[in-house]
Each structure stands twice: as C-alpha cells, then as structure tokens.
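Those protein sequence lines, which keep their order, are chains A and B. Okay, so the first sequence: first residue is 0 according to numbering that gives the first Met the number 0, each after it adds one. Okay, so the second sequence: first residue is 0 according to numbering that gives the first Met the number 0, each after it adds one. Yeah, the Cβ is synthetic: ideal placement off N, Cα and C, and Gly gets one too. Input: a single structure, listed below in structure tokens.
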Amino acid sequence: MRQADRKADILVIGAGPAGLNAALAAASAGASVLVLDENASAGGQYFRQPIGLEDKSGGEPGRGAQTSAEKGRDLIARAKAAGIRIAAHSTVIARTGEHALAFVESGADGESIVEARAAAIILATGAHDRAIAFPGWDLPGVLTPGGVQTLVKSSGARLKGPVILAGSGPFLMPVARSLLEAGTNLTAVHELARPSRWLARAGRMVGHGERLAELAGYAAYFVRQRLSGARLDWRFGSRVVRAEGEGRLERVVVARCDAHGSPQPGTESVREAAFLAVGYGFVASVQSAALLGCRLLHRENAGGFVVAHDEDMFTGTPGVFAAGEVAGIGGIACAAIEGRLAGLCAARSIGFAVDERAIVAARKERRKRRAFAALVAELYPVPRSLYDAIPDDVVVCRCEEVSAGAIRAACAPWIGDASSLKAATRCGMGRCQGRFCGHQLQEILARENGVPVEDIGPMSMRPPIKPVAARLLAAWGERREPVGAASSAAQGVGGPDSAGP
Amino acid sequence: MASEAEHFDVIVVGGGVIGCSVAFYAAGIGARVLVLEKAAFGGGASSANPGSVALSSKQPGRSLDLAIASRILYETLQAELDADLEFAVEGNLTIAETPEELAFVEDLSNGQRLAGVPVRSLSADECRALNPLLEGPIVGGAHCPIDAHTNPFLVTAAFARGAVKRGAQLRPRVEVLGIDQGEAGKLTVRTVNGPITCDHVVNAAGLAAPRIGAMLGLDHDVIPRAGHVAVLEAAGPCARVKTASASQLLAKHGPENPASRAGISLSYNYKPASGTILLGGSNQKGIASREVSLDIMAGIIAGACRLMPRLEDLTILRAWAGVRPYAPGGPILGRAGADERYLAAFGHGGDGMALAPVTGRYVAEQLRSSRELSLEEFLATMPGGGGLAALAVEMNEHAAGDA
Ligand SMILES: Cc1cc2nc3c(=O)[nH]c(=O)nc-3n(C[C@H](O)[C@H](O)[C@H](O)COP(=O)(O)OP(=O)(O)OC[C@H]3O[C@@H](n4cnc5c(N)ncnc54)[C@H](O)[C@@H]3O)c2cc1C
Ligand SMILES: Cc1cc2nc3c(=O)[nH]c(=O)nc-3n(C[C@H](O)[C@H](O)[C@H](O)COP(=O)(O)OP(=O)(O)OC[C@H]3O[C@@H](n4cnc5c(N)ncnc54)[C@H](O)[C@@H]3O)c2cc1C
C-alpha cells in the first residue's frame, strides 16, 4: 500500500457486509474511505471469498461457496468501483491517537506496522462463535460452525469421515448446507432449540416474509436432500454432552434435553464422528471497540457484550460508529443496513452533505431488521445451564489451560468483575485474549455470585489486541522513539503529533 | 426508618495490595475490619506491576530498611497465607550501559552492602554469563542473588482471602465519599451505600490517598508515575535472572529522567509459572493515564532488543500501563496528622508489592498500640540486615548442595 493510502476521511475496520455497506454509503456522500480487514480477502464471515479466487480469474470457485461468495464478490467490486480502498491482510492492533489506529500489514515483503488516520471510524468487526466447554471439546476434530465453514468456504477443504454439527442458531442451516455442498458426510445436526418456540411467536413473524423465506429455503433444501437419499439426521431439542476418542475425535455422545437445556436421563446415545462443530450463536468481536474506549453493554442471546450505540449507530465516543454483529447479532441483512446507516451518519458527522431522507429510511429499515433479530434471539436462546454444566475438570481457557473448577474456586463475593477473576486465574491471558473463554468466565462468576452478567462486565482487553512479533514493534520503536515517547508522555497517550515516519 | 449505622473497629479505604495486607494483619490482631474498594479489589496499581520483590533497587536508608524487613517476611508469606504466590528467588542483575551508569550502580551497591545486602559487582562478561541473552553493549553491573519476584495478582488475592478467613469484610464497588470526625470516639465514613462508623480509618487509597486525607483536612502529596509493561510469550532459551538497566534506577531515583520524558528503560522478568516474559518499563512522571501508548510500548521493546537482540524473535501478547502512587519522601505510614484514629498506608511508588507485608504488619502494630509507634521502633522488632545474612547463607548452602 502506498503512503497516501493510510489517510482517509473515514476508516472502516472489518470488510464484512456491515463494513462494505458502510464504506459504500460513506463514499456515496463523497467521503474517501479506507477499509481494513485481517483476512486474506474482503468479505467477512458470510461473504468469505475462496482463497486464490482472484488468481483464478473467473475460474470455478469452490461449489459450496458459490452464492454467498458471489454476492460478496459483487459487493466488493462495487466498493472498488466507488473508489474505496480495501486493505486485506491488515489487522488492527492498537490505538495511536484520536481517530488513529495502528495495524499490522502483511504483504509480499513481510510484515510491518502501519498507522491509519481518519476523521471518523466505523467499527464493523463482526463476531465469532460462542463455544461453550464440554468434556472432550479440546480433542482434535472438534471445531466450531464458523471454523468449519471457513475451512470449506475458503479452501474448499473436504473433511474425511462423518461430520456432526451441533449447538443452536439459524446459522447452523447455512453451515449444514455448505458442508453438504462441499461433499462432506454430514450425518447429523443437533439443534438445541425446539420448533415449538416458533409456533408461540408466529404472530410476530408477520412482516418479515423475506427473512422467513430465506429460512424456509434452507428447510426446503434439507427436505430435498432427504428425499434424494441423504441420510442427514436433524434433531431438535438435543445437544452434545461429550466428545470422546483416543488422541482425536471418534465418538460424540448426544442427549435429548429439557426446556432448560439439561440432558434428560436415559436419552444419551453415541454417534461416530471424525469432526464435530459446536456453537451456540456468536460473541461480538469488541476488542477494537475497547481500544477506542467505546461503552459496551450486555445483550443476552445477541452477542454478549456488544458496542453501545444510538439510533444512528454513533457509539458516544467522538467520531466512532459501529455496525453489524459487533453492535449486536442480527444476521446479514441487519449488518448491511446498519453499515449503510453508519456510513451515512459518519459522513454527515464530519461535514459531508447527506440526504436526510436516506438516513430516515435506513433507520426505519434497521428497526425492522432488529425486530426480526430480537425474535430470532428468542427462538434460539442460549440456556445458562450449559455453563453450569461445564464439569470442574474441563479446561475452559485453552491458551492457559485453566479449568472450570479453578475458575469456580477463585470466585468470591469480593471478586466482582471479570477482569479481577482473569487476574486471579489467568483465564483469558493467552494468545486469544479471552475471545473464546471470556464469556464462559463471565457466566461462571455471575452464577457463583448470583448477579447478572451485565454487572460482571467484560474482561479487560489490551493492546496489541492480536499477538504481534516483537521485531515489528522494535522497528516501530526505533523509528519513533525520542519524539514519540516524549510527546506521548506529555499527553498521556500516543498523540497524533508524535506520528509520522 | 433510621437504622443504626454499621460499626467496625477498622475501616480500610482502598482494596489494593496495601489495603488487603493491612486488613489481613489487622484482622490477625482481632480487629473487626471492613475494606471499602471503589472499583475492583486489586484493580489499581496492584495489578499493573510485574511483582518484583527487590532490594537492589532501593536507596539505602528508610526505603532499604523497609524492603529488607519485607523481603524477610516474604520468605514465609506463602505459608502464612496458605497460598502459592509464585514467589521465586532468582536474583536481580543490574546492568550499566555507560561508565557513568556503572559508577552510579557501584555507589548504590556500596550503600546496600553496608546494610547487609549481598550485592556483587560484575564485569560485562560476568553479566553475560548470568544472562546470556545480553548480547548488546554493556560495561558491567551488579548482582543481588536474594532478590525475588512474585505474582502480584496472587499476592493481593491471597491477602484478601486471608483477611476474609480472619473475619474481615471486603466490599467492592463502594466508594468512600467523606469522613466525619464528630466529637465522640467514632469516625463516620460516608459511602455511596450510606454511612458506616469505625474506631480507626486506614487510608490505603493509593493514588487517591490525598483525596481521602483531604476529608480530614490533611494535605498529602502523592504524585502519579505511569509505567508500561509488555508481555512476551517465552519461547526458546530464557534467562531466569531478573535483569534491569541502571537507567531504570536513574529514572526512579533521579530528579530527571535521563533517556526521555517517558523514562524508558529495561526491566526483563521471566515468569516460569506462566511461560511469559514481562518487559518494562517506563516512568512517566506526573502522568496518571492508564492508556497504553504504542510509542512507549514500542520504545521499550526497541530498547530491550538492543540489549537482548534475541527477544526480537518472540511474540508480544499484550501490554498494559499502570500508575505508581509516588510519595516524594517514600511511603507515608502510620499516624499522620493530629487525629490518632487516622492511619496512613500509601505512597509506595514503584515498591508497593515488595513493601506490602511490612506495611500491613506495621499498621496493625500501630492499631494495637495505644501510643505512637515509630517506624524505627517497629523495624527494630523485625529481623533486619542480620536476617538477610542468614538468608544469603542459607541460599549459598542450598546452591552448594545442588552442585
Ligand atoms: C458460520 C456462519 C454462517 C452464517 N450464515 C448466515 C446466513 O446464512 N444468513 C445470515 O443472515 N447470516 C449468517 N451468518 C451471520 C453473518 O455471517 C453475519 O451476520 C455477517 O457476516 C455479519 O457481518 P459483519 O460485517 O457484521 O461481520 P463479519 O462478516 O464477521 O465481518 C467482520 C470482519 O472484520 C474483521 N476484523 C475483526 N477484527 C479485526 C481487526 N482487529 N483488524 C482487522 N479486521 C478485523 C473480521 O476478520 C471480519 O472479516 C452466519 C455466520 C456464521 C459464522
Ligand atoms: C508499571 C508499574 C510497575 C511496578 N513495579 C513494581 C514492582 O516490580 N515491585 C513493586 O513492589 N511494586 C511495583 N509497582 C508499584 C506497586 O504496584 C504499587 O506501589 C502498589 O500496587 C500500590 O498498592 P496500593 O494498594 O497502595 O494502590 P492500588 O493498588 O492502586 O490500590 C488503591 C485502591 O484504592 C481504591 N480507592 C481509591 N479511592 C477510593 C475511595 N474513595 N473509596 C474506596 N476506594 C478507593 C482504588 O480503586 C484502588 O483499588 C509498580 C507499579 C507500576 C504502575
């Protein structure tokens, strides 16, 4: 990337549907936009692009990736045509000043740390799978739905042997479909939620026909698969109890559950599996938001701690907006409209003329999408019993190998927040900085202390939010030390004036 | 309905390592103790330090005397608290990069030797023999084999747990808003949850200690000194000896920071229990921000890599910044001001983790005593430099036994 590329009116973090739509909306208002994404190509979780797609120049992408990747390719092409700069392989790691961020850029000639500055920032960092520990979850062969979908979507990898998909949420359907289309032997799906929840809410589904049609489309697809002889066994109201195997996954024990997600005695059965993907919805990826000091609030069943915002997606931190899953799980259409709204409002906030009617329309559509998202969240609740059920000897923090028992033992009434418990147990201090264990620690502490998770708060998140080679920081330090250090000290932060190689 | 306010013998304001240590020892002499913490226990400076329990970083005099007494207490602290504190005696190596720095280290070491600290002056090669990662330009240094380090989170948590076991009450998220002296014997501590009365109040509010003092009309001087620490994943060969540059001591003791206003210097501390290396540090005088500055973090890494080039191959997991509550004349302890119901336990600057045990003991002794107990008097009852000599002999025998 050229030097001039690091400055823009608006900086977007994350090139998923939210980020790309935000970029397009801001560009349509006349703003220059730079989008950063850590992945090999733009697209985000849903529009993930197969690796090497561009080299194939129109060659056949992986079959499973077709629809969503193509939609994504379309969106990316439109963004590029609008003059939006998209930097892939660019991972945001730290804040360097007001509206200035440092990211690690990896290119043909290695990695380096680069600074990007803008007048406004839009956070569109998405979410990651909510994995909840159970006996055997650390066996090789046990993955998450997002992980397994990435595997088949980006590399077209074909998983050998029987595959089981489990957990809860509407996204199990597209994942199941991707797996079948990629030719894997998907033998069973265990969805913890029950269809009866739908009937109870039928009235509220009126007006969401388009989204319902998408879900119905998946259902029809699976029925067709069944009719054409596929042996996929789709079970509602059941979940994985444990995974077993010598050195890697061989068997999965599943059971029927009561309304609270607890296995019913005598209903356990064993299935053979080479791969198991389990996830209970998503946890918002709020690390970048934490860097910028954004307020987080807890949304049960909709992402855990998410970025707080107003109806224009403004976070309350000057010049910072949020859109998509990071602001609360809502699915792709919701991410797209929130992106658009954030893009328009961010552009307006820095002085670009924006048609007020476009904002009003986007707000209205967003409200509708959110209403549907709230409904979906009710259909697929994450029972807290899943956290209670984690046995004491099961490791919750895989990076630091901290067991549920060790976390529970460290709980005390005077330990009132997630960061204190992290400090006392080291849970969340590893490479992933609590992305996967953070919600589990919060739930355990909330349960032990008998308080809502909201009170427990998120774990502290510290820069660099992704691990960085010391060599890269040393190089940054050598370049900037005397001036940067002195003026930073004076300001208490790495201020904008200290910048500029 | 007007209910009677709760009453305690002692209310400790602030739940950092100092407040928790005071609570533990005060409860140990039978006092009914309440600790009020505005935010989270251990969430202030006490969770921002790398846990060095060193003598070789202290100036001879009161500061070193306190450190010696506390270091001896640390020797038995794990048993006393019935907790693993990841306490490890791996020594400290101070390195000098210039002849001037070496002269400063020599001077400091001489004073420390007079107080009974077993510090040895070393050539550059001897330094490298102790820490082979030191491939950069150094001219010599000094080694103190009985310097130690610990896990700061575990120390604070163990004091807190121990205090609770002894009957103390710990309340997070209760900010102290004011203190009323009244006429009668009782003090009234006003909190966000209403008033509570007590016979004694201990100010262990760290950086906020002046605000608590002001509630009694006292004027305390505590100056913020921010500092950064970066966490590296320890891979490959790691030197166990803690290694600090003389510039760190100059930043700490000198009136001006020599390197830059951020006071960037080297402090390398390998933590075997977690497989990490903690790299410090900075000493940003007058700065109270806990926000990490990428420039300072990178400056620390760059400086460390000049002295220890092989660190370049490691990965940085995270970094944090914390604020040392620095009192210019050293920590303010015991009675301070006319009201003998008020005790001070703050201003430990960059030494609070090391000095927590002795601070708690002293404040508890003062609470027990009906008259003023001077620090000198108290320290005379503690094993002093003589105790250190015994420690050093024990270590030598230990080492000889290993060989
Ligand atoms: C397995 C799976 C299947 C799904 N199926 C469907 C479906 O069928 N229908 C539907 O409506 N929704 C589905 N979803 C949800 C859908 O993926 C999301 O709604 C949508 O992708 C959210 O868009 P987003 O832009 O908010 O986040 P994302 O698409 O997740 O994009 C966020 C991007 O930000 C990047 N990023 C994060 N942090 C940083 C950083 N520090 N530096 C640089 N980049 C960063 C991420 O790598 C990512 O590329 C599915 C999700 C999953 C995981
Ligand atoms: C970067 C860095 C490195 C360091 N390295 C070392 C080292 O290696 N070795 C060493 O010994 N020391 C070191 N220190 C110093 C050590 O961390 C401190 O001296 C020590 O933690 C001070 O403890 P404290 O309990 O006084 O303060 P704190 O831990 O800050 O506790 C004070 C508490 O009081 C609470 N409080 C404030 N106001 C109120 C109120 N109104 N009501 C109720 N509660 C209130 C605060 O919330 C806070 O939790 C270092 C410090 C830093 C920042």
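- The three-state reading of DSSP puts A:N20 in helix, counting H, G and I together.
- Residues of chain A whose Cβ lies closer than 7 Å to the Cβ of B:C304 are, in chain order, A469, A473.
- Look at B:V362 here: in three-state DSSP terms it is helix.
- Counting C-beta atoms within 10 angstroms of its own C-beta, A:L226 has fewer than 16 neighbours from the protein chains shown and is therefore classed as exposed.
- With a cut-off of 6 Å, the C-beta of B:E36 is classified as near ligand 2, since at least one heavy atom of the ligand falls inside that distance.
- DSSP, read as helix, strand or coil, puts B:W319 in strand.
- Judged by pairs of C-beta atoms under 8 Å, the stretch 265-281 of chain B touches the stretch 291-300 of chain B, as three or more such pairs exist.
- In this structure the stretch 274-282 of chain A touches the stretch 132-148 of chain A; the number of beta carbon pairs closer than 8 Å is three or more.
- Listed along the chain, the chain A residues whose CB falls inside 7 Å of the CB of B:E311 are A469, R470, A473.
- Following the DSSP letters along the chain, one finds B:E74 inside the alpha helix (DSSP H) bounded by residues 61-74.
- For the C-beta of B:I300, the chain A residues within less than 7 Å are, from N- to C-terminus, A469, L472, A473, G476.
- Chain A has a Cβ within less than 7 Å of the Cβ of B:I315.
- Under the DSSP assignment, B:A287 falls outside any beta strand (DSSP E); it carries neither an H nor an E label.
- Taking B:E393 as reference, the option from B:V88, B:L206, B:E311, B:A123 with the minimal CA-CA separation is B:V88.
- Sixteen is the threshold: since fewer than 16 other Cβ atoms of the shown chains lie within 10 Å of the Cβ of A:D108, the residue is exposed.
- For A:R479, the uninterrupted alpha helix (DSSP H) run begins and ends at 469-490, by DSSP.
- DSSP lists no bridge partner for A:W413.
- Only A261, I263, S273 from the stretch 261-280 of chain B bring a Cβ to less than 7 Å from some Cβ of chain A.
- For the stretch 416-429 of chain A, the residues whose beta carbon sits under 8 Å from a beta carbon of chain B are, in order, D416, S418, S419, A422, A423, R425, M428, G429.
- Counting only runs of 4+ residues, the alpha helix (DSSP H) found wholly inside the stretch 150-212 of chain B occupies 151-164, in chain order.
- Restricting attention to alpha helix (DSSP H) runs no shorter than 4 residues, the stretch 293-367 of chain A encloses them at 331-348, ordered along the chain.
- The three-state reading of DSSP puts A:T266 in coil, since its state is none of H, G, I, E or B.
- Taking 9 Å as the cut-off between beta carbons, the residues of the stretch 26-44 of chain B near chain A are V34, E36, A38, A39, F40, G41, G42, in sequence order.
- In this structure, the beta-carbon distance from B:A39 to B:P171 falls below 7 Å.
- Between A:V359 and A:G327, the gap from beta carbon to beta carbon reaches 7 Å or more.
- If you draw a straight line from the Cα of B:G110 to the Cα of B:P330, it comes to about 20 Å.
- The DSSP assignment places complete alpha helix (DSSP H) segments of no fewer than 4 residues inside the stretch 333-393 of chain B at 351-367, 374-380, in order along the chain.
- In terms of beta-carbon proximity, A:T95 lines the interface with chain B, with at least one pair separated by less than 7 Å.
- Cβ-Cβ distances below 6 Å link B:T275 to V230, A233 in the same chain, with the five nearest sequence neighbours on each side left out; the list follows chain order.
- Residue contact check for A:A346 against chain B: no CB pair falls below 7 Å.
- Residues of chain A with a Cβ closer than 9 Å to the Cβ of B:M214 do not exist, since the nearest Cβ in that chain sits about 23 Å away.
- Take B:G41, set aside five residues on each side of it, and the residues of its chain with a beta-carbon closer than 6 Å to its own are T155, in chain order.
- Going by DSSP, A:H438 is part of no beta strand (DSSP E) but of the alpha helix (DSSP H) stretching over 437-448.
- Listed along the chain, the chain B residues whose CB falls inside 7 Å of the CB of A:I443 amount to none; the nearest CB is some 17 Å away.
- In this structure, B:N192 has its beta carbon at no less than 6 Å from each heavy atom of ligand 2.
- Every alpha helix (DSSP H) of 4 residues or more that sits fully in the stretch 142-223 of chain A is shown, in chain order, as 144-154, 171-180, 195-199.
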